[in-house]
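Heads up, the thing below is written out as structure tokens.
There are 2 protein chains.
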Amino acid sequence: MYGMKATGIRARVRAEMTEEIKAIARRHLATDGANLSLRAVARDLGVVSSAIYRYFASRDDLLTALILDAYNSLGQTVEDRERAVGRDDLTGRWMAVCDAVRGWALERPHEYALIYGSPVPGYQAPADTVAAATRAVTVLGTIIQDAAVARRLPPGPPEPVPDAVAEDVRRAGAVIAPDVPDAVTARALSAWVTLFGLISFEVFGQLNNVVEHRDEFFEHQMRAQARFVGI
Amino acid sequence: MYGMKATGIRARVRAEMTEEIKAIARRHLATDGANLSLRAVARDLGVVSSAIYRYFASRDDLLTALILDAYNSLGQTVEDRERAVGRDDLTGRWMAVCDAVRGWALERPHEYALIYGSPVPGYQAPADTVAAATRAVTVLGTIIQDAAVARRLPPGPPEPVPDAVAEDVRRAGAVIAPDVPDAVTARALSAWVTLFGLISFEVFGQLNNVVEHRDEFFEHQMRAQARFVGI
DNA sequence: ATCAAAACAAGAGCAGTGCTCTCTCAAAAG
DNA sequence: CTTTTGAGAGAGCACTGCTCTTGTTTTGAT
Numbered sequence: 000m001y002g003m004k005a006t007g008i009r010a011r012v013r014a015e016m017t018e019e020i021k022a023i024a025r026r027h028l029a030t031d032g033a034n035l036s037l038r039a040v041a042r043d044l045g046v047v048s049s050a051i052y053r054y055f056a057s058r059d060d061l062l063t064a065l066i067l068d069a070y071n072s073l074g075q076t077v078e079d080r081e082r083a084v085g086r087d088d089l090t091g092r093w094m095a096v097c098d099a100v101r102g103w104a105l106e107r108p109h110e111y112a113l114i115y116g117s118p119v120p121g122y123q124a125p126a127d128t129v130a131a132a133t134r135a136v137t138v139l140g141t142i143i144q145d146a147a148v149a150r151r152l153p154p155g156p157p158e159p160v161p162d163a164v165a166e167d168v169r170r171a172g173a174v175i176a177p178d179v180p181d182a183v184t185a186r187a188l189s190a191w192v193t194l195f196g197l198i199s200f201e202v203f204g205q206l207n208n209v210v211e212h213r214d215e216f217f218e219h220q221m222r223a224q225a226r227f228v229g230i
Numbered sequence: 000m001y002g003m004k005a006t007g008i009r010a011r012v013r014a015e016m017t018e019e020i021k022a023i024a025r026r027h028l029a030t031d032g033a034n035l036s037l038r039a040v041a042r043d044l045g046v047v048s049s050a051i052y053r054y055f056a057s058r059d060d061l062l063t064a065l066i067l068d069a070y071n072s073l074g075q076t077v078e079d080r081e082r083a084v085g086r087d088d089l090t091g092r093w094m095a096v097c098d099a100v101r102g103w104a105l106e107r108p109h110e111y112a113l114i115y116g117s118p119v120p121g122y123q124a125p126a127d128t129v130a131a132a133t134r135a136v137t138v139l140g141t142i143i144q145d146a147a148v149a150r151r152l153p154p155g156p157p158e159p160v161p162d163a164v165a166e167d168v169r170r171a172g173a174v175i176a177p178d179v180p181d182a183v184t185a186r187a188l189s190a191w192v193t194l195f196g197l198i199s200f201e202v203f204g205q206l207n208n209v210v211e212h213r214d215e216f217f218e219h220q221m222r223a224q225a226r227f228v229g230i
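Going line by line, the protein sequences match chains B and H. Residues 0 to 230, numbered by numbering that gives the first Met the number 0, are exactly what the first sequence covers, in order. Residues 0 to 230, numbered by numbering that gives the first Met the number 0, are exactly what the second sequence covers, in order.
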């Protein structure tokens, strides 16, 4: 049928409008912080405030969309940066992941705060966000899985992991890292926590007047984590 | 002089009023989250909103006072709980610190978010907060210092620490842990970051649907950190 | 081509917010 | 006893998220 479009023109301008609102909201987020004003966004867009509600049911809905985008942006960045490293360079791959996360966070501290800072009061993460949130940590999972199948994890009897912990750890690694010993998976999760703990400390100002050489400190600590995990 | 008081009665009721405002604000924080309403606090106090400004110059000032109190409350709790453990039980002391921080955070997640979550937009930490914020980590410093003077840190040549990192690490440990090798201090800082990273993940919901056995997971990871540091 | 339905934006309005200013009154200080 | 000081009340300003109504435009089927 002539003129038949997979997505009507109306749907397309709607998508563009939605994207523009999010872009302006992100800019406001970068300058004004977390207390995002819908009315200010509407003003910047040259539209009356109530018009925004055609695209987002509430301010929290807008924030949720930004959160989803942020998770995907971070995940994409991490995936890309890690893919650029030779598959055999396990430590290099881990360091690339660390660097990617930190770089992403330092470039957009407010978006980082949106996803890894205090959650907004009444906010409950919808199902789609958990998939997006998983992308980054999945990359770490493939690294330790690759290390396991290549038999490059340190030998020796693994330290014991309590049953309750082993259960959680196995579920976490079941799909992406099934050949990794529980103790190593547990350590990898610990390294993951340390990565985000350190970045949060840096972004949220907890390192002020304590650590001056941020780059070197971060690299040293994350390299130590690589050794701790065994990659 | 008869009736002379060290602090006038007027100053005392003012202090009581200030404390009551903070108490109500804390209650509101616990229920409504971070967007604290001055007017709501005033209503609960049975007073008109402008009256609050006799005690706090702005909403941010109130929040700053709550932040200071939170740091001191956490510091006090950690100090008390760690003091209750035998001096020779280094691992026990570390675990007591971890448990104290986590327990404190889980009991008042919003106050935790106030000091370790995303900072409020225009907020700059005043000098008094840094002193209060130091109390908790100082306890960890004394633990590794005690380990060092008792020669209970693992022997062997310490791993090399880059100069830039060593500079930061030495400054951090200069006063409280001067006898600890740089590599160990660096690892202790890493453990500290991991402690707060894990608690933040738990309080902020990042562990949902991932870790079910929270207590066991936390204990296992923190015990691993103790071994990592060497205590 | 016509026409009803749907989508859209505008505007007014409501309840709430942080904060300022003025006014009044009671209590402390001299 | 007078004067100064501090505290609370109240009105008001500019702002917020959100709702509802009112015209206007676009769409899709007749």
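Just so you know, even glycine gets a beta-carbon here, dropped at the ideal spot from N, CA and C. None of these values were measured; they are calculated from a predicted model.
With DSSP run on the structure shown, which of helix, strand or coil describes residue i?
{"i": "H:ASN71", "result": "helix"}
{"i": "H:GLN220", "result": "helix"}
{"i": "B:GLN144", "result": "helix"}
{"i": "B:GLY172", "result": "helix"}
{"i": "B:ARG58", "result": "helix"}
{"i": "B:PRO180", "result": "coil"}
{"i": "B:GLU211", "result": "coil"}
{"i": "B:VAL246", "result": "Because residue 246 of chain B is not part of the residues shown, which for chain B are 0 to 230, the question remains open."}
{"i": "B:LEU196", "result": "Checking the sequence shown, residue 196 of chain B turns out to be Gly, not Leu. Three-state result, B:GLY196: helix."}
{"i": "H:ARG107", "result": "coil"}
{"i": "H:ARG101", "result": "helix"}
{"i": "H:ASP43", "result": "helix"}
{"i": "B:LEU206", "result": "coil"}
{"i": "B:ARG53", "result": "helix"}
{"i": "B:ALA64", "result": "helix"}
{"i": "B:ARG186", "result": "helix"}
{"i": "H:SER117", "result": "coil"}
{"i": "B:ASP87", "result": "coil"}
{"i": "B:ILE20", "result": "helix"}
{"i": "H:GLU158", "result": "coil"}
{"i": "H:ALA126", "result": "helix"}
{"i": "H:LEU152", "result": "coil"}
{"i": "H:LEU35", "result": "coil"}
Could you tell me the alpha carbon to alpha carbon distance between residue i and residue j, rounded to whole angstroms?
{"i": "B:ALA22", "j": "B:SER117", "result": "22 Å"}
{"i": "B:LEU113", "j": "H:GLU19", "result": "32 Å"}
{"i": "B:ALA225", "j": "H:ASP79", "result": "35 Å"}
{"i": "B:ARG186", "j": "B:LEU28", "result": "35 Å"}
{"i": "B:PRO153", "j": "B:VAL136", "result": "22 Å"}
{"i": "B:VAL100", "j": "H:LEU67", "result": "31 Å"}
{"i": "H:ARG213", "j": "B:VAL46", "result": "48 Å"}
{"i": "H:ASP162", "j": "H:PRO177", "result": "17 Å"}
{"i": "H:VAL228", "j": "H:VAL183", "result": "6 Å"}
{"i": "B:HIS109", "j": "B:GLY32", "result": "6 Å"}
{"i": "B:ASP127", "j": "B:GLU211", "result": "38 Å"}
{"i": "B:THR231", "j": "B:ILE175", "result": "What is shown of chain B runs 0 to 230, which leaves residue 231 of chain B out entirely."}
{"i": "B:ALA131", "j": "H:VAL12", "result": "53 Å"}
{"i": "H:TRP191", "j": "H:ARG169", "result": "16 Å"}
{"i": "B:TYR111", "j": "B:ALA69", "result": "8 Å"}
{"i": "B:ASN207", "j": "B:GLU106", "result": "18 Å"}
{"i": "B:VAL209", "j": "H:GLN144", "result": "18 Å"}
{"i": "B:LEU44", "j": "H:THR17", "result": "43 Å"}
{"i": "B:ILE198", "j": "B:GLY204", "result": "10 Å"}
{"i": "B:PRO157", "j": "B:ASN71", "result": "35 Å"}
{"i": "B:ALA223", "j": "H:ARG150", "result": "23 Å"}
Count the other C-beta atoms from every protein chain shown that fall within 10 angstroms of the C-beta of residue i, then say buried if there are 16 or more, exposed otherwise.
{"i": "B:ASP181", "result": "buried"}
{"i": "H:ARG42", "result": "exposed"}
{"i": "B:VAL230", "result": "Here residue 230 of chain B turns out to be Ile, not Val, going by the sequence shown. Classification of B:ILE230: buried, given that the 10 Å Cβ count is 16 or more."}
{"i": "B:GLU201", "result": "buried"}
{"i": "H:GLY7", "result": "exposed"}
{"i": "H:THR30", "result": "exposed"}
{"i": "B:VAL160", "result": "buried"}
Please tell me whether residue i and residue j are closer than 7 Å, where the distance is taken between their beta carbons.
{"i": "B:LEU37", "j": "B:ARG53", "result": "no"}
{"i": "B:SER189", "j": "H:GLN220", "result": "yes"}
{"i": "H:THR133", "j": "B:GLY196", "result": "no"}
{"i": "B:VAL308", "j": "B:VAL77", "result": "This structure cannot settle anything about residue 308 of chain B, because the visible part of chain B is limited to 0 through 230."}
{"i": "B:LEU73", "j": "B:TRP93", "result": "no"}
{"i": "H:VAL164", "j": "H:GLY172", "result": "no"}
{"i": "B:LEU61", "j": "B:ALA24", "result": "yes"}
{"i": "B:PHE217", "j": "H:ASP167", "result": "no"}
{"i": "H:ALA147", "j": "H:LEU89", "result": "no"}
{"i": "H:GLU81", "j": "H:VAL40", "result": "no"}
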